[in-house]
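Engineer: In my numbering, the protein residues as written are 2 to 99.
Each residue gets a CB set at the ideal place from its N, CA and C atoms; glycine is no exception.
Below is one structure. I have some questions about it.
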């Protein structure tokens with residue numbers, strides 16, 4: 002029998018990028034944090050999202066308050082082309098099934 006191998010190095014953590022559904026994005030409500038918004042729109046990881054926020058290397062309208070970055074959920078939906086798929090029920094000129 003051979004002795005078990007012991008690794009003194011930490012194994013590298015494998016992370017996968019998260020894919021958000023339209024419902025999950027809309028569930029954020031009116032606003033979301035900037036990191037999440039950039040991750041959703043640009044399909045990047047957490048570290049790259051923070052870099053993009055700090056260097057303004059993105060097309061999202063970001064409001065910075067102290068150390069927080071805030072993005073309107075409607076801006077994320079607009080960039081993804083999801084802003085007109087579900088018009089409000091009281092929008093004039095839209096037909097709704099009875």
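Could you check what DSSP says for residue 28 in three-state terms: helix, strand or coil?
Structural biologist: Residue 28 falls in the coil class under three-state DSSP.
Engineer: Mapping the DSSP letters down to three states, classify residue 1 as helix, strand or coil.
Structural biologist: Lying outside 2 to 99, the shown extent of the chain, residue 1 is not represented and no answer is given.
Engineer: Determine whether the beta carbon atoms of residue 35 and residue 77 lie at a separation below 7 Å.
Structural biologist: Going by C-beta atoms, residue 35 is not nearer than 7 Å to residue 77.
Engineer: If contacts are defined as beta-carbon pairs under 8 Å, then residue 31 and residue 39 qualify, I think. What distance do you get, rounded to the angstrom?
Structural biologist: Actually they do not touch by this definition, with Cβ atoms about 18 Å apart.
Engineer: With a CB to CB cut of under 7 Å and the five nearest residues on each side skipped, what residues in its chain are close to residue 41?
Structural biologist: For residue 41, where only same-chain residues beyond five positions count, the Cβ hits under 7 Å are 21, 26 and 77.
Engineer: So, is residue 28 buried or exposed, given that buried needs 16 or more other C-beta atoms within 10 angstroms?
Structural biologist: Classification for residue 28: exposed.
Engineer: Do you know how far the Cα of residue 70 is from the Cα of residue 58?
Structural biologist: One C-alpha to the other measures close to 14 Å.
Engineer: Provide the residue(s) that pair with residue 73 in DSSP beta bridges, ordered along the chain.
Structural biologist: Bridge partners of residue 73: 32.
Engineer: Give the DSSP bridge partners of residue 18, in chain order.
Structural biologist: The partner list for residue 18 (beta bridge, DSSP) is empty, contrary to what the question assumes.
Engineer: Might you give, ordered along the chain, the residues of its own chain that have their beta carbon closer than 7 Å to the beta carbon of residue 18, omitting 5 neighbours on each side?
Structural biologist: Excluding positions up to five away in sequence, the list reads 44 and 46.
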